[in-house]
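Each remark here refers to the structure printed beneath this line.
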Amino acid sequence: MKFSVLSYFILFFSLVVGLKSTYAQQTTYVIVHGAWGGAWQFKKTANELEKEGHKIYRPTLTGLGERYHLADTSIRLQTHINDVINTILFEDLTDIVLVGHSYGGMIITGVADSLPDRIKKLVYLDAILPDNQESVLSLMVKPDGDNGLLKFEKDGFIIPFWVKDERKFPRDVPHPLKTITDKINLRNPKREKIPATYILTYEDNKAMDKDDFYPFYAKAKKRHFKTVELISDHNPQIKKLKELVDLLLQEK
């Protein structure tokens, strides 16, 4: 079959328009994992989002995951905030959806305070939602005064007591204590203008308001965040992957 010059031009034009359309619909997600974890926890999440044509970055925080060899008692909360700030700056990312899971809520809040103009939306995934000068330790204190974290402190780290086999990879690893006790410094009111979503996960056999992260969900409601409830344990990226991916796709 012979093609005329006009046919080739039409085909080329259609391909270019199609590529531009696909690119225009592409969203850049930066996903920040929680305490003890690593980027490995969101590998499957990233794979599913990438199948839909999106770009995913999963920075691993210093001393955790595959960067466990850098574990040191000098690692601070700001170290982890800088890990994500520098990922965004050195990859020259803009218009991003910044997702923080659990402890990652502390990190994305600090990043948003530093780089509000590069962030399209914040997504708190069953995450800590801090105010200025609050710490993980102060926010996670139980009603009886038992913070539940320092009991597992050893040599400057919070030990993941649930890990039974330290020869297995990937796995959770000890988390630097100072990142838990440091207070976050928030100075930029532009952070508060970024659209935000809070996804609360709670287990089916437990009242939603009894969940450890419910107070942050309630705070998000007061701030007029979009709020979503998902029946799951604290790690939907493992147990409720499809449901989580569907929710993240709605945030693009």
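Residue numbers (the numbering used here): 5 to 256. For every residue, glycine included, the Cβ atom is placed at its ideal position computed from N, Cα and C. Treat the numbers as computed from the prediction; the structure is a model and nothing was measured.
Identity of the residue in the options nearest residue i by Cα
i, options, result
"Val127", "Leu68, Lys172 and Tyr33", "Tyr33"
"Ala131", "Tyr107, Leu154 and Asp117", "Tyr107"
"Pro180", "Val140, Gln45, Asp213 and Glu52", "Val140"
"Thr31", "Gly57, His37 and Ala39", "Gly57"
Which residues DSSP lists as bridging residue i, in chain order
i, result
"Pro180", "Phe161"
"Leu81", "Per DSSP, none; premise fails for Leu81."
"Tyr218", "Tyr218 is not bridged to any residue."
"Ile100", "Thr32 and Ile123"
"Leu129", "His105 and Ile203"
DSSP three-state assignment for residue i, whether helix, strand or coil
i, result
"Val167", "coil"
"Ile123", "strand"
"Lys225", "helix"
"His105", "strand"
"Leu267", "Past the edges of the chain, shown from 5 to 256, lies residue 267, and the structure says nothing about it."
"Leu65", "coil"
Terminal residues of the alpha helix (DSSP H) in which residue i lies
i, result
"Ala116", "Gly108 to Ser118"
"Lys47", "Lys47 to Lys55"
"Ile242", "Pro240 to Lys243"
Residue i, buried or exposed, once every other Cβ within 10 Å from all chains shown has been counted against 16
i, result
"Phe217", "buried"
"Gly152", "exposed"
Continuous beta strand (DSSP E) stretch holding residue i: start and end
i, result
"Ala200", "Ala200 to Tyr206"
"Gly235", "As written in the sequence, residue 235 is Ile, which differs from the Gly given in the question. Looking at the DSSP string, the run of the beta strand (DSSP E) that includes Ile235 is Lys230 to Ile235."
"Val145", "Val145 -> no beta strand (DSSP E), and no H or E assigned at all."
"Ile35", "Thr32 to Val36"
"Tyr61", "Lys59 to Tyr61"
Check: residue i C-beta below 6 Å from any heavy atom of the ligand PLP
i, result
"Leu245", "Inclusion of the ligand PLP in the displayed structure is not the case, the ligand content being empty and no account of it being possible."
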